[in-house]
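In this note's numbering, the protein residues as written are 15 to 219.
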């Protein structure tokens, strides 16, 4: 029998951990997955709600020919300028919050018992996200595994991948915040699915 409780799960993990794969598996089990990163990308896409504010704050150099935020140029900017990161977050975070609230309400009206918030930088955000979820679910793997997966998937040089990893919370910091851990190391998809299904049973799935 399904649980009557509504669970709000914050799903996180470092780049290349397999977090998005786990999110997809939870969706097939009946969870409503609210992807904060996808929402963030949508507001910086061509015609997105953040584009004019980004243009005003950072100039046209941060807007690509297609009308979207130039993610590579902005990544370089915020890596080298912490103040720029704060300015960008002040534009994007309120929009993401508004859209995720609407998606949450729609999921509740649909009768979902488990809401999974896919949040790559949950730990880095401090109380902003942690206060909104009942449990934190971390998808974990070795740092070298992250590096190899991202190099293969994205075609990035190891130096670029290392720079991205260095900007995220350390593995130990994520694990210290975790209520549930899925250790995605040396598992094939079926093994991973079994691990996810076992953990998901605690949340009415």
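We put the CB at the ideal spot given by N, CA and C, even for glycine.
Item, Value
"Nearest-angstrom beta carbon gap, residue 131 and residue 22 [assumed within contact, 8 Å]", "7 Å"
"Residue environment, residue 192, which counts as buried when at least 16 other CB atoms sit within 10 Å", "buried"
"Residue 186 classed as buried or exposed, judged by whether at least 16 other C-beta atoms fall within 10 angstroms", "exposed"
"Contained beta strand (DSSP E) runs [length at least 3] in the segment 88-172, N- to C-terminal order", "128-132, 149-154"
"The segment 193-203 contacting the segment 142-154, beta-carbon criterion three pairs below 8 Å", "yes"
"Residue 214, buried or exposed, once every other Cβ within 10 Å from all chains shown has been counted against 16", "buried"
"Same chain only: Cβ atoms within 8 Å of residue 161, ignoring 5 sequence neighbours per side", "30, 172, 175, 176, 179"
"Distance between residue 135 and residue 26 (C-alpha atoms, nearest Å)", "7 Å"
"Buried or exposed by the 16-neighbour rule on C-beta atoms within 10 Å, applied to residue 126", "buried"
"Beta-carbon proximity check, residue 219 vs residue 43, cutoff 9 Å", "yes"
"Simplified DSSP state of residue 178, which is helix, strand or coil", "helix"
"Endpoints, alpha helix (DSSP H) assigned at residue 48", "Note, residue 48: premise wrong, no alpha helix (DSSP H); beta strand (DSSP E) at 46-49."
"First and last residue of the uninterrupted alpha helix (DSSP H) at residue 25", "Not the alpha helix (DSSP H): residue 25 falls in the beta strand (DSSP E), residues 21-26."
"Exposure label - residue 54; buried when at least 16 CB within 10 Å", "buried"
"Same chain, Cβ closer than 6 Å to residue 188, neighbours up to 5 away in sequence not counted", "137, 152"
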